Amino acid sequence: MSLRFILGRAGVGKTETCLQEITREIKGSPQGSPLIFLVPEQATFQTERSLSAMPELGGMIRAQVFSFRRLAYRVLQEVGGSARIPIGELGKRMILRQLLESHKDELRLFHRSAGQPGFADALAGALSELKIYNIDIDHLERCQSELTAGQGGSLLTDKLHDLALLNKALNAFLEGKYTDPDDYLHLLAERIPQSAMLSEAEIWIDGFSGFTPQELSVVGALMKTCRRVHMALCLDPTQLDLPCDLTDPFFRTRETQEKLLQLAKDHQVSIEKALHLTPDVAPRFRQAPELQHLESCYFRRPGVLWAVDSPGLQICAAVNRRSEVEGAAREMIRLCRDQGYRWRDMALFLRDLESYQELLASVFQDFGIPFFMDRKRPVAHHPLVELVRSALETVIKDWSYEPVFRYLKTDLVPISRDEVDQLENYVLSHGIRSWRWWDSQPWMFRRRLTLGDDDREFNDAELAQLAAINDARDRARKGLLNFQKAVQGLAEVRSVTASLYQLLVELNVPEQLGQWITACEEEGRLEEARAHRQVWSAIMDLFDQIVESLGEKPIDLATYAVVMEAGLDSLRLGLIPPELDQVLIGTLDRSRSPEVKAAFVLGVSEGVLPARPKDDGIFDDRERERIQEQTGLELAPGSRRRLFDEEYHVYVAMTRAQERCYLSFPLADEEGRAQLPSPVIARVREIFPNLQEKAWSLEPGLVSTAGTQELRSFEEELAWEYICHSGRSLSYLIPQFREALTGRAIPLVWWETYSWMAARSEWRERMGPVLSGLWHKNQEHFLPKPVSRRLYGAPLKASVSRVENFLACPFAHFVSYGLRLKERPVFRLQAPDLGQFFHAALKQFGDRLRQENLHWGALSQDQMVKMTKEVVSALAPQLQNEILLSTARYRYLTGRLQQTLSQAVHVLGEHARRGDFQPLGLEIGFGPGELLPPVRVPLTGGHYMDLVGRIDRIDGVIAQEKPWLRVIDYKSSRADVKLADMVHGLKLQLLTYLDVALQHGNKLIQPLMSGRPSPLTPCQPGGMLYFGVRNPLLSSGGPLGPDEAAQALLKELKMRGHVLADPELVALMDKETSSGYSPLIPVGLKKDGSFYSASSVLTLEQFSMLRGYLQKVFSRVGDAIMEGFVAIEPYRRDDRLACSFCPYKPVCQFDRLLQDNGYRTLIDEAPEILWQKVGDGSIPILQGVIR
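First residue of the sequence shown: 29, per my numbering; consecutive thereafter.
This is the structure we're talking about:
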């Protein structure tokens, strides 16, 4: 039994010495006693590979590479102790959650945090720390007693009490049946003396800078049992006699050596003469003396300056993290291309891998660089994990939309993605959830186009679509329905887990994963294939742990899902490198790299390297110090000690490379905030004053048109750095050519790159579409006329809203009415639905009045309320598949709708009571098959456009021996129309409806003609008005009485629009207002009978001018549509934009920064100017576009 140290600084060959000694032993006696190489867990694969690659070593049976955990498994298998069920970290956390709940009343401090997310994880970490540092329950109780005796009760003593209590409860739960994962090394230390394998073994230990007390106990047992132990430590053998403090990078390894020496002395193990590796030049740095100088002088004060060139050391400043990663990728490709490096000759290290991992994967894939990222891979988003999570959530959340379709989109359910998309659209459109999924009746829902009269039969196409939807539904729900039946109510954890497993089997998940694995292997995606292979085993192991820890416990599904979610979130996959020739990406505190020629250390920023330690455990730094001061018990290092240990990571970062070391840092983060370089950068600059530094940009710069020839040559040379990968070179080429189009000079290398690509067919094909974007004008003006006519049909059929849509933006019209793109319908009550509901409700109300021979103005309040309730009750089930009955919120909203309808009916009744205009028709359609024919608008070339639509209400009166008409349009919000709105063509609805009514006035006026001579003169315009069907909130400076509230309500719901400038006709609309402003219509009368200037009135001549202007608008718009005008020309009017609520912005990609994109500005000129232009027809329909 002996202990021998192998000591030396980084790069002197400690690992190589261990490998050579093992090789020599094997070659001397191939079948001798075991030779064991003990290394950190993450270094086992690399060490095995290095050992097997030793020269003249064709094979071996003596030598084995172990980590502490793997050695424990091996010894326990040999001597016993592995029969108990191993409980994993997840199982332990679940047990702790159960113990926290069951012992809540006994806890002094933790009872407040027991139910908080993440507390069980923090508690498990604290208990693990106690075991790792050999602190048992007796130690905790003694520590608590001493602290209480010394300083009385405190938070710390309460923590120790609760930890002792929970530790005791955990041990009682595990005793005799389970093995705590933190007990493996303790068991190993106990069983080592019984191991025949280790009794004559020779052991080499390498790669550790320090050991936990638990690991030290194992090493001590190995010293007592094994024939010989060789311990390799990274420290300077020439300074062993010098004092060492926390600022020394080798402080931890010096401390470790002292502990090992004391351990050997305690166990009476002889200590051999140490092997001191102190070459003049470390073998690792023979090709780069500047790296040897960096290793030896970085921590030396004062430092020795390196006055000559240092090509093997570079500092690189990057604009941001992306440019930093891309710069490293370009340099790697250059080293392979120009220096003959292999990918395996390079490694990339970070202190903070999490901030870079997605970026590294994306950029390296773009550059075609094979890489292996040395990290435990989370699998929270793997399809199998998502399947388990969403299956539970679907049942818990009553088959709501989101979890159901997360389940279906895992591609592990026997339904194609196209079928999932169709099913999703159907479910969203009809608001399907809950029992409708498992109901035996097929789905036969469809969205109603109107309310009250849409009872048409399904056609053949609709029936075929419904059959496909129901077939997909049956296959989608089958497995889940069986699972739901099995887990209803309170059940044992074991039975729920078994049902979940049965679901996976029923879905043929193992077979599907096997197909994915085969496909990945055939396509060379080996890492992805291994992830698919491991995730099934990980899920099965998770199921086993849940059953072992909570198997017989009754549990509801929601609680089970919380436990399962915690387990799924904690799953990590440890993959080995799938290839030999690839770049290693790792962290400075974890990864163990092979010998590499070039090391790239990224993210050398302040606060990152050295890292700021986090204090996020059960104990804070002060509590750790108190425990050690009072009781002598050692816990894990606090944040202050870990900060000093960071210096060792800095040392590791700068000593990995044989030939080249790159230290880089970003100047800004992703949000543009400045970042400072690490003090490491300042120290390197201090030691190497002549060091050349690089700047990594996202794109190459331009050639200076002014400046020296040397400067232009330098910029040309700099551009060459970006010519490293064909695909990436093409992406760099685009901004260069964009600058060239502006007349600026670009480096000649880009023209040469273009020529190279143009000469090769495969790149010429890829380059064409990409470069075409340089000349792309985001604008379309005209479709070919034949295409336009086929697209829109002849005759052109249009509505007023379609014309308004065209005048707002021709391209939006083309996408909506030409391509017929629509937003996906969603089961949600929106403004158009409310408008549809109120239109139908007011029509039904008016029809009932006519059928029952009632008058609007003669209804009592009780009659109004009763009738509106009946109308709403009849219509509510018809709106969007009973949406108003689907939830308590919507049922409440139905009541509000009834109140709003009652208010509207009351106000319309007031109009009827105070005026003489009578309803002539409700919801009067004009178009094919309607009461009125379409409006035929002649177009050029013998074509014509048919205008169709529906007028909400037409009122009439006969006065002055003339028939007068007014049209009313219902709106579910406040609406008004100004002269400029009509002139710009943005609000033509009321004017069009009035024009249609006047054209067919003699037909419409017939209900008023009884007892009158016929015919009358043509109908005259009385007004065009919007009526807001709203239930407004009334604002007031104080309480309002009933009469005041009624008047205020009338003013809020006043009709907006225009009426004829005739006081006598105004009196027929509101005979109670002889002066002042009317509460019903937008006019005000002075005492002399004239109108206030704020009145919205038009003369007969003005009505006539607007009707003539309207015909010009329709004619010009119809011609433009048929000519194929589809320009991207949205309007801008003050702060109102056509694009504000346009759903087609992703299609048109309108961008004001593009040369060809700009808003069409509409200016609201003075009324007299607008009337002049309306009269002479000089105003263009589309300002500056259609002349």
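The beta carbon of each residue, even a glycine, is placed where N, CA and C say it ideally should be.
Only a predicted model underlies this, so the values are computations on that prediction, with no experimental measurement involved.
Discussion item. Give the list of continuous alpha helix (DSSP H) stretches no shorter than 4 residues that lie fully inside the segment 455-526.
Written reply: Within the segment 455-526, the complete alpha helix (DSSP H) runs of at least 4 residues are 463-466, 488-515.
Worksheet item: Exposed or buried, residue 122, counting other C-beta atoms within 10 Å across all chains shown (16 or more means buried)?
Response: As a first step, residue 122 is located in the sequence shown; it is residue number 94 there, counting from the start. Buried: at least 16 other Cβ atoms inside 10 Å.
Fill in: DSSP three-state assignment for residue 26, whether helix, strand or coil
In the structure as shown, the chain begins at 29 and stops at 1215. Residue 26 is therefore absent and cannot be evaluated.
Worksheet item: For the putative contact between residue 1145 and residue 835, defined by C-beta atoms under 8 Å, what is the C-beta separation to the nearest angstrom?
Response: Counting from 1 along the sequence shown, the entry for residue 1145 is found at position 1117. Counting from 1 along the sequence shown, the entry for residue 835 is found at position 807. Their Cβ separation, rounded to whole angstroms, is 7 Å, which keeps residue 1145 and residue 835 in contact under 8 Å.
Item to complete: Count the C-beta pairs between the segment 1044-1051 and the segment 1024-1034 that are closer than 8 Å, then say yes if the count reaches three, no if not.
Response: Yes: the two stretches touch, three or more of their Cβ pairs being nearer than 8 Å.
Discussion item. For residue 371, count the other beta carbons within 10 Å of its own beta carbon; 16 or more makes it buried, fewer makes it exposed. Which is it?
Written reply: Counted from its first residue, the sequence shown places residue 371 at position 343. With a threshold of 16 other beta carbon atoms within 10 Å, residue 371 meets it and is buried.
Worksheet entry | Supposed close pair residue 76, residue 93 - CB separation, criterion 8 Å | As a first step, residue 76 is located in the sequence shown; it is residue number 48 there, counting from the start. As a first step, residue 93 is located in the sequence shown; it is residue number 65 there, counting from the start. In this structure residue 76 touches residue 93 by the C-beta definition: roughly 5 Å separates them, less than 8 Å.
Fill in: Length of the line joining the Cα atoms of residue 504 and residue 527
Working through the sequence shown from its first residue, we reach residue 504 at position 476. Working through the sequence shown from its first residue, we reach residue 527 at position 499. The alpha-carbon separation between residue 504 and residue 527 amounts to approximately 17 Å.
Worksheet entry | Meets three-Cβ-pair contact criterion under 8 Å: the segment 953-963 and the segment 975-992 | Yes: the two stretches touch, three or more of their Cβ pairs being nearer than 8 Å.
Discussion item. Give me the residue from 31, 215, 60 with the minimum Cα distance to residue 105.
Written reply: Position 77 of the sequence shown holds residue 105. Out of 31, 215, 60, 215 has the C-alpha closest to the C-alpha of residue 105.
Discussion item. Does residue 486 pass the burial test, meaning 16 or more other C-beta atoms within 10 Å, or should it be called exposed?
Written reply: The count along the sequence shown starts at 1 and reaches residue 486 at position 458. By the neighbour-count criterion, in which a residue is buried when 16 or more other Cβ atoms sit within 10 angstroms of its Cβ, residue 486 is exposed.
Discussion item. I need the boundaries of the beta strand (DSSP E) containing residue 1085, first residue and last residue.
Written reply: On the sequence shown, residue 1085 is found 1057 positions in, with the first residue counted as 1. Start and end: 1084-1088.
Discussion item. Assuming contact is defined by CB atoms lying nearer than 8 Å, are residue 824 and residue 1150 in contact in what I supplied?
Written reply: Residue mapping note: residue 824 aligns to position 796 of the sequence shown, counting from 1. Residue mapping note: residue 1150 aligns to position 1122 of the sequence shown, counting from 1. For residue 824 and residue 1150, yes; Cβs fall inside 8 Å.
Item to complete: Under 6 Å Cβ to Cβ from residue 1012, same chain only, skipping five residues before and after it: list those, please.
Response: Against the sequence shown, residue 1012 aligns to sequence position 984. Cβ within range, chain order: 1190.
Item to complete: Tell me whether residue 1003 sits in a helix, a strand or coil according to DSSP, three-state version.
Response: Here residue 1003 is taken as the residue at index 975 of the sequence shown, counted from 1. The answer is coil: DSSP assigns residue 1003 none of H, G, I, E or B.
Item to complete: Whole angstroms is fine: what's the gap from residue 59's alpha carbon to residue 243's?
Response: The residue labelled residue 59 in the question sits at position 31 within the sequence shown. The residue labelled residue 243 in the question sits at position 215 within the sequence shown. Each residue's alpha carbon lies about 29 Å from the other.
Worksheet item: Does at least one heavy atom of the ligand GDP sit under 7 Å from the Cβ of residue 722?
Response: The model depicted lacks the ligand GDP and carries no ligand whatsoever.
Fill in: Distance between residue 1133 and residue 1184 (C-alpha atoms, nearest Å)
Walking along the sequence shown from the start, residue 1184 turns up at place 1156. Walking along the sequence shown from the start, residue 1133 turns up at place 1105. The straight-line gap from Cα to Cα measures roughly 36 Å.
Fill in: Rounded straight-line distance, which links the Cα of residue 682 to that of residue 170
Reading the sequence shown from its first residue, position 142 is the one you call residue 170. Reading the sequence shown from its first residue, position 654 is the one you call residue 682. Going from the Cα of residue 170 to the Cα of residue 682 covers about 45 Å.
Fill in: Residues that DSSP places opposite residue 1216 in a beta bridge
A query on residue 1216 cannot be resolved here, the shown segment of the chain reaching from 29 to 1215 and no further.
Worksheet item: In three-state DSSP terms, what is residue 1141?
Response: Here residue 1141 corresponds to residue number 1113 of the sequence shown, with the count starting at 1. Helix at residue 1141.
Practice prompt. Tell me whether residue 1196 is buried or exposed, calling it buried when 16 or more other Cβ atoms sit within 10 Å of its Cβ.
Written response: Against the sequence shown, residue 1196 aligns to sequence position 1168. Under this definition residue 1196 is an exposed residue.
Item to complete: Mind checking who residue 1169 pairs with in its DSSP beta bridge?
Response: As a working note, residue 1169 is residue 1141 in the sequence shown. Beta-bridge pairing links residue 1169 to no other residue.
Fill in: alpha helix (DSSP H) runs contained entirely in the segment 749-779, provided each spans 4 or more residues
For the segment 749-779, whole alpha helix (DSSP H) runs of length 4 or above, ordered along the chain, are 754-769.
Fill in: Cβ contact check for the segment 344-364 and the segment 593-600: 3 or more pairs under 8 Å
Fewer than three Cβ pairs drawn from the segment 344-364 and the segment 593-600 lie within less than 8 Å of each other, which leaves the two stretches out of contact.
Discussion item. If I measure Cβ to Cβ from residue 1212 and keep anything under 8 Å in the same chain, skipping five residues before and after, which residues do I get?
Written reply: Walking along the sequence shown from the start, residue 1212 turns up at place 1184. Low confidence applies to residue 1212: its pLDDT is 47, below 50, so where it sits in the model is not reliable enough to give any reading.
Worksheet item: From residue 250 to residue 156, what distance separates their C-alpha atoms?
Response: If you number the sequence shown from 1, residue 250 lands on position 222. If you number the sequence shown from 1, residue 156 lands on position 128. Residue 156 has its alpha-carbon roughly 23 Å from the corresponding atom of residue 250.
Worksheet item: Excluding sequence positions up to five away, which residues of its chain have a Cβ less than 6 Å from the Cβ of residue 247?
Response: Translated into the one-based positions of the sequence shown, residue 247 becomes position 219. Take residue 247, set aside five residues on each side of it, and no residue of its chain has a beta-carbon closer than 6 Å to its own.
Worksheet item: In terms of DSSP beta bridges, what is residue 965 paired with?
Response: For the purposes of this step, residue 965 is identified with residue 937 of the sequence shown, where counting begins at 1. In DSSP, residue 965 forms a bridge with 973.
Item to complete: Go ahead and label residue 1097 buried or exposed: buried means 16 or more other beta carbons lie within 10 angstroms of its beta carbon, across all protein chains shown.
Response: Locating residue 1097 in the sequence shown gives position 1069, counting from the first residue. So residue 1097 ends up on the buried side.
Worksheet item: Whose CA, out of 926, 1158, 1102, 1148, lies closest to the CA of residue 971?
Response: On the sequence shown, position 943 is the one that residue 971 refers to. Minimum Cα distance to residue 971 is reached at 1148.
Practice prompt. Locate the alpha helix (DSSP H) running through residue 1020, then write down its first and last residues.
Written response: Locating residue 1020 in the sequence shown gives position 992, counting from the first residue. Taken as a continuous stretch (DSSP letters only), the alpha helix (DSSP H) holding residue 1020 covers 1017-1027.
Discussion item. Can you look up residue 245 in the DSSP assignment and give me helix, strand or coil?
Written reply: Taking the first residue of the sequence shown as 1, we reach residue 245 at position 217. Here residue 245 carries a helix assignment [DSSP, helix/strand/coil].
Discussion item. Threshold first: 4 residues or longer. Then list the alpha helix (DSSP H) segments lying entirely within the segment 798-868, N to C.
Written reply: You should have 813-820, 828-836, 838-841.
Practice prompt. Compute the Euclidean distance between the alpha carbons of residue 734 and residue 413, then round it to the nearest angstrom.
Written response: What you label residue 734 is simply residue 706 of the sequence shown in a count that begins at 1. What you label residue 413 is simply residue 385 of the sequence shown in a count that begins at 1. Per-residue confidence for residue 734 stands at a pLDDT of 44, beneath the threshold of 50, marking its modelled position as unreliable; the derived number appears in the next sentence. Here the C-alpha atom of residue 734 lies approximately 60 Å from the C-alpha atom of residue 413.
Worksheet entry | Residues sharing a beta bridge with residue 344, DSSP | Indexing the sequence shown from 1 puts residue 344 at position 316. DSSP output for residue 344 lists 692, 722 as bridge partner(s).
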